[in-house]
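Have a look at the structure below before the remarks.
Protein chains: 2
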Amino acid sequence: MQQKVSIKDIANHVGTSITAVSFVINGKAKEKYISDKLAAKIQKAIDELGYQPNLLARSLRTGKSNIIGFLVDDISKPFFSGLARAIDEKAAVHGYKIIFSSTGNDRERTTEILNIYQERRVDAYVAALAEGLETEIGGLIGGETPVVLFDRYLPGLDADYVLTDNFWSTAAATQHLIDNGFENIAFITIDTRQQQMLDRLRGYSEVIDRSGKKQEVLKIKYQDSEHATQLIKAFLQKHSHLDAVIFAANYLTMDGLKLSRTSDEGLLQSKGVVSFDDFELLEFIRPSITAVEQPIEAIAENIIQLLLKKLAGGATAKTAKPLVINLQAKLNVRQSSKPQNAQT
Amino acid sequence: MQQKVSIKDIANHVGTSITAVSFVINGKAKEKYISDKLAAKIQKAIDELGYQPNLLARSLRTGKSNIIGFLVDDISKPFFSGLARAIDEKAAVHGYKIIFSSTGNDRERTTEILNIYQERRVDAYVAALAEGLETEIGGLIGGETPVVLFDRYLPGLDADYVLTDNFWSTAAATQHLIDNGFENIAFITIDTRQQQMLDRLRGYSEVIDRSGKKQEVLKIKYQDSEHATQLIKAFLQKHSHLDAVIFAANYLTMDGLKLSRTSDEGLLQSKGVVSFDDFELLEFIRPSITAVEQPIEAIAENIIQLLLKKLAGGATAKTAKPLVINLQAKLNVRQSSKPQNAQT
DNA sequence: TTTATTTGCGTAAACGTTTAAGTTATTCGA
DNA sequence: TCGAATAACTTAAACGTTTACGCAAATAAA
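Chains R and E, in that order, are what the protein sequence lines are.
Residue numbering for the first sequence follows the UniProt record's numbering, starting at 1 and increasing by one per position.
Residue numbering for the second sequence follows the UniProt record's numbering, starting at 1 and increasing by one per position.
Written out as structure tokens, the structure reads:
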């Protein structure tokens, strides 16, 4: 009943043309020489009849859907859903709406989603994709529609990125442990070619080397959680001289923490621990764990700004060389100094 | 370059009318008497030219956007983002896309979002709203566009609901504690008129009464986390005979767990604990905590089914009386029997 | 053979906008 | 006083679909 009042209805009600109505709706009354009197009457009708523009029609006409497609592994992961919220709110300010999808790291699903996005005529893409999906998103990158990638850098893809500075953040975390008196610091990561993991490892390596200490790295060929926990356990048992551990990803931290549920709880209990990626759990866990927190708000803000710039400056932006923005993470220190057998 | 091939292009390429093309696109070739030969030629052109329908145009014409508006407090809450993912995937199967927004429990923001949804001509609404926003969503309920509410029941609103059976679930949890030998079971909730909290309390009360035991209830006037933790602490100290506690909401469980970070860790350590709402943290926390897990998949499935039914059967569905679906939650038992000074 | 159906396809209107290109009436400079 | 500029509107096309009609040819019925 309320849904259906259109520009034409307004025009008829006032006794004018739809053009005039359109102009005042779009705030072009002055510019287009609509008299104040007519403009006022139209505005009155708009309010009284409760007119709401049909964005579908507008989009069809203007060729801009004002929709941004957002694509990640799994939208229910805290990092992604947090970012989704931030981005959604910032986009709303500029009249854009976000649509989300989870690829589940599946190739077919990904092309399917991208297809749907194209059919819905999204104005831009925002995506964090795993390696192996380069070609699917790659096809979009030269095209009409702007693309901004985040979270993970894909070496093959010459695109615009908004990233956490993994090298810097890990270096800072490592330095933090050193500053607090830890001597033998291990780094637990996965065996991969993912750029962000390599950067994290490099951050650790360089700081350790510069300090004259010895690197102690465990690279896990990741199969499943159980398996990883076992490898971590063996590693820690073998290197009993370690007094601190850095986990290079949140799931590794979790796998490590699972040791505390078994009889092996001493293994981590007595050490300084730093987790890459902060999560709620860490506020509660004992021993308390320092964490590298991704700057979600900043990431969201940079993505939106980059996008707006690309959306605004059509051709100019297209010829510009891709931008890689590296944002510094925050180190959430939960316990810093090293008592006898300490934690951080 | 790829973006712009339309029905008309196909028609010109084949040398036929756009009508014919439209028919084969929509699989109405047979029905509309398009010869197999023409249909094949058209199909060939569609594939070769890489035609993608413009869903905006289609929506404008058909009056169906195939978009569902989803509205919650905060999409980054695990329960909501998990549900979002589940619902998104199920909706995709039926050609629907979800758009999400977070109200932040703000009245103005809520009306704003609903306005945007109307402008985008969503086909249906899915929402979980806090009390106080009844009127904003209430205006939609009689209207053209189907509405399904979930998670929280608003007594004033005669709408379709998909809910977790709070009464049943809490009763089951309480019974579980009794069955495992706990004698003095407390219930910690907030002082509110929220229906779901009242139902949970009722579930506890009835089972306790029936068992002949004594009710021990703490109703917190919730201000902030710190304050709640203090009240919980005082309560537990005062009633030292308690051997089990049920927290009526996940944030209460968290506030309770914060006791473990202070010197008062003994207070919960020695007791059986059940949390309403499960969350990742609980898998790691010690003492381990049994939890009531909301059936996310089932909720998503029921929402979609209900929606599809309402979308299909226009007028018939509108006259039907509102449906309230109550889904049973799952009790995730992490430690059940009561040793001397036990946990559950 | 004539008439009625079925088959196969095209014309054109409509969905609700935006906007280029008119049209008329008014003001104005010289 | 008159053409030109300006002010105030309107007409109509276009965006890419779907779909009610219309029309002719082929087939079936009479």
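Where a beta carbon is used, it is the ideal one built from N, C-alpha and C, also for glycine.
Is Y117 (chain E) helix, strand or coil when you go by DSSP?
helix
Tell whether a beta-carbon distance below 8 Å holds between T253 (chain R) and V217 (chain R).
no
Residue range of the alpha helix (DSSP H) that includes K238 (chain E):
225-238
With respect to the beta strand (DSSP E) encompassing E134 (chain R), which residues constitute its N-terminal and C-terminal limits?
Where E134 (chain R) is concerned, there is no enclosing beta strand (DSSP E), although the alpha helix (DSSP H) it sits in stretches over 134-141.
Work out the CA separation of F150 (chain E) and E144 (chain R) for me, nearest whole Å.
40 Å
For the alpha helix (DSSP H) containing Y204 (chain E), list its first residue and its last residue.
195-211
So what does F276 (chain R) bridge to, in DSSP terms?
R:V292
Please tell me whether A300 (chain E) and I87 (chain E) are closer than 8 Å, where the distance is taken between their beta carbons.
yes
As an exercise, report each continuous alpha helix (DSSP H) stretch of at least 4 residues that is fully enclosed by the stretch 129-189 of chain E, in chain order.
134-141, 166-179
With a threshold of 16 other CB atoms inside 10 Å of the CB of P322 (chain E), please say whether the residue is buried or exposed.
exposed
Near L38 (chain E), what residues of its chain come up, given a Cβ to Cβ distance below 7 Å and the 5 sequence neighbours on each side ignored?
Counting only Cβ-Cβ distances below 7 Å, and skipping sequence neighbours, we find T16, A20.
Which residues does DSSP list as the beta-bridge partners of E216 (chain R)?
R:A186
8 Å is my cut-off, CB to CB: does I304 (chain E) come that close to chain R?
no
Are three or more beta carbon pairs between the stretch 57-75 of chain E and the stretch 286-298 of chain E nearer than 8 Å?
No: the two stretches stay apart, fewer than three of their Cβ pairs being nearer than 8 Å.
So is P53 (chain E) in contact with chain R if we call contact Cβ pairs under 8 Å?
yes
Where do the N-terminal and C-terminal ends of the alpha helix (DSSP H) with A249 (chain R) fall, by residue?
Neither: A249 (chain R) is in no alpha helix (DSSP H) and is coded neither H nor E.
The stretch 191-210 of chain E / the stretch 228-242 of chain E touching (three or more Cβ pairs under 8 Å):
No: the two stretches stay apart, fewer than three of their Cβ pairs being nearer than 8 Å.
Can you name the residues that DSSP bridges to Y125 (chain R)?
In DSSP, Y125 (chain R) forms a bridge with R:G69, R:V147.
Please list the residues of the stretch 77-94 of chain E that have a C-beta atom closer than 9 Å to any C-beta atom in chain R, keeping them in chain order.
K77, P78, F80, S81, G82, L83, A84, R85, A86, D88, E89, A92
Proximal residues of chain E, C-beta to C-beta of K330 (chain R) below 8 Å
By Cβ distance, chain E contributes nothing, its closest Cβ being about 18 Å from K330 (chain R), past 8 Å.
Does the stretch 157-170 of chain R come close enough to the stretch 187-204 of chain R that 3 or more CB-CB pairs lie under 8 Å?
Yes, the stretch 187-204 of chain R touches the stretch 157-170 of chain R.
Using a Cβ-Cβ cutoff of less than 6 Å, which residues in the same chain neighbour K32 (chain E) once the five nearest sequence positions on both sides are dropped?
F23
Please classify T344 (chain R) as buried or exposed, where buried requires at least 16 neighbouring CB atoms within 10 angstroms.
Residue placement at T344 (chain R) is flagged as unreliable, the pLDDT there being 47, under the threshold of 50; the coordinate-derived value follows with that caveat. Per the 10 Å Cβ criterion, buried.
According to DSSP, is F100 (chain R) helix, strand or coil?
strand
For I325 (chain E), name the three-state secondary structure that DSSP assigns.
strand
Who are the near neighbours of E293 (chain E) in its chain, counting only those whose CB is closer than 7 Å to its CB and skipping five residues on each side?
Contacts found: D278, A329, K330, N332.
Quick one: give me the first and last residue of the alpha helix (DSSP H) that N12 (chain E) is part of.
7-14
Spatial neighbours of V162 (chain R) within its chain, please: C-beta separation below 6 Å, excluding the five flanking residues on both sides.
F150, I299, N302, I303, I325
What number of angstroms, rounded off, separates the C-alpha of G142 (chain E) from the C-alpha of I67 (chain E)?
19 Å
Under the DSSP definition of a beta bridge, which residues are partnered with L331 (chain E)?
Note: L331 (chain E) sits in a beta bridge opposite E:V292.
Do L306 (chain R) and S148 (chain R) come within 8 Å of each other at the CB atom, strictly closer than that value?
Looking at the sequence shown, residue 148 (chain R) is not Ser but Val. Yes, they are a contact pair.
Would you report the Cα separation of K41 (chain R) and T110 (chain E), rounded to the nearest angstrom?
Each residue's alpha carbon lies about 29 Å from the other.
Since I296 (chain E) and G69 (chain E) are thought to touch, with beta carbons under 8 Å apart, how far apart are those beta carbons, to the nearest angstrom?
Contact doesn't hold; Cβ gap of about 20 Å is too wide.
State whether the stretch 5-15 of chain E contacts the stretch 172-192 of chain R, with contact taken as three or more CB pairs (one from each stretch) at a distance under 8 Å.
Per the Cβ contact rule, the stretch 5-15 of chain E is not in contact with the stretch 172-192 of chain R (fewer than 3 Cβ pairs under 8 Å).
Pairwise C-alpha distance: F79 (chain R) and G138 (chain E):
33 Å
Counting only the same chain and skipping the five closest in sequence on each side, list residues whose C-beta sits under 6 Å from that of E136 (chain E).
T110, T111
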